[in-house]
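Residues -20 to -1, 1 to 231 (mature numbering (1 follows the signal peptide of the UniProt record, and there is no 0)) are what the sequence shown spells out, left to right.
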Amino acid sequence: MKHLFALLFGLMIAIGRVAAQDVLIVADEIPAMEVLARGIQQQEGLTARIVTQNDMPKTMATFRAVIVYIHKDLDSIPERAFIRYAQNGGKLLCLHHSISSAKRKNKEWFSFLGIDLLKTNVTEGGYKYVGDVDMAVVNLAPQHFITTHKITYASTIAYTREGEQKEKQLPGFMLPKTEGFLNHQLLGNRTILLGFKFADASGKVWTQDRSAWYKPAGKGWLFYSQPGHAVSDFENPIYTQLIANAILYNQ
């Protein structure tokens, strides 16, 4: 009897610990998210539970934020669950390949995100991913909590904003040997936080104000950040702090 009581007591403690976790991470590439989870705990004390989309809890309402990091197919049931979570007041953070060509076949995902990936040539605005690049990430919202809280940028980057002619020196940091996405078409209003700059294999330099942004989603809101292809991206304490700040931020 005592042994049974001890087992039940241990189970109750374990359940309580799971319920108390701040962030749910839904992923299909686990090592990168383990690095992120350790980073946000070390830097801000945020705890995280990592699951696959086949092992999601019945409700996500108890989590302070939900992070989506799904490279391959996004199944329709999780797709609707993420949308419902945000629209009901949750904070949904979508990272890197949460926006990718594999998601074109999802019925609601791109319209919910307010984005499109055109199939035309990249020089005509078509979507393209470019691998093995050294990416500069640039702060385009220098007064914003997400881009400034506990962050000291490593360098300044020569950067020309979209629609402008004058190059400026802006605070930023480097992510080596990662992957960039070109020409995310942003539909509707949102708050732009970060831009990116990198050279492709031909030597052409791309700068776009589309590296990170957020927008309202029903009663909640949606945050997207493009970096995250390489595990080393999440080993960068500046990038980890940016994601933690998005979790902490209250509009």
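All residues carry an ideal CB built from backbone N, CA and C; glycine is no exception.
Give me the Cα-Cα distance between residue i and residue j, rounded to the nearest whole angstrom.
i: A61; j: R190; result: 25 Å
i: P122; j: K199; result: 26 Å
i: R29; j: L4; result: 5 Å
i: A181; j: D114; result: 11 Å
i: F203; j: G183; result: 31 Å
i: A224; j: E24; result: 7 Å
i: A66; j: A138; result: 36 Å
i: D96; j: H164; result: 6 Å
i: L150; j: T140; result: 9 Å
i: I227; j: F125; result: 11 Å
Along the chain, where does the beta strand (DSSP E) containing residue i start, and where does it finish?
i: Y109; result: K108 to N119
i: S135; result: S135 to Y139
i: A45; result: A45 to Y49
i: A197; result: V185 to A197
i: G175; result: T171 to A179
Flag this pair as yes or no: are the beta carbons of residue i and residue j separated by less than 8 Å?
i: Y49; j: L26; result: no
i: L173; j: W201; result: no
i: Q221; j: K130; result: yes
i: T187; j: G175; result: yes
i: T136; j: G152; result: yes
i: F214; j: V15; result: yes
i: M40; j: V46; result: yes
With respect to the alpha helix (DSSP H) encompassing residue i, which residues constitute its N-terminal and C-terminal limits?
i: T127; result: F125 to T128
i: S212; result: V211 to E215
Closest Cβ-Cβ distance between residue i and chain C: below 8 Å?
i: V117; result: You won't find chain C in this structure, because it holds only one protein chain.
Quick check: the region 137 to 150 against the region 69 to 87, are at least 3 beta-carbon pairs closer than 8 Å? no
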